[in-house]
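For the sequence shown, the working numbering gives the first residue as 460, with consecutive numbering after it.
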Amino acid sequence: MDSSMIGKIEKAMRYAQEPDRITFQEFKVHFTGDHKVHMVGYHEGQWSCDCDFFAARGVCSHVMTLERVLRGMVEPAATTPLPA
Numbered sequence: 460m461d462s463s464m465i466g467k468i469e470k471a472m473r474y475a476q477e478p479d480r481i482t483f484q485e486f487k488v489h490f491t492g493d494h495k496v497h498m499v500g501y502h503e504g505q506w507s508c509d510c511d512f513f514a515a516r517g518v519c520s521h522v523m524t525l526e527r528v529l530r531g532m533v534e535p536a537a538t539t540p541l542p543a
């Protein structure tokens, strides 16, 4: 392995210890729920999910789960209570 690759690996390891460097702008994921697979999206701070609960309330367990997994890297849904 050449020295420039070693430097890049070391830099990547340092970056991985600093997750506040990362902010998501947009993504879509398949979320396997208990009853079906849902499409959850995030676009410039706005969440979406194809489940009925999200359609009625603007937040759901699928979005809340992703907010926890990606804490600090995404904006929370406006109506989501996030306990410590």
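Note that CB positions come from ideal geometry on N, CA and C, so glycine has one too. Keep in mind the model is a prediction, meaning the values are calculated, not measured.
Taking buried to mean at least 16 other C-beta atoms within 10 Å of its own C-beta, is Glu-485 buried or exposed? exposed
Measure from the alpha carbon of Tyr-501 to the alpha carbon of each residue in Glu-526, Lys-495, Pro-478, His-494, then state which is nearest. Glu-526
In the DSSP assignment, what are the bridge partners of Tyr-501? Phe-486, Trp-506
CB contact flag (Met-523, Phe-483, <8 Å): no
Just to confirm, are Met-402 and Asp-511 a CB contact at a threshold of 8 Å? The chain is shown from 460 up to 543; residue 402 falls before or after that span and cannot be answered.
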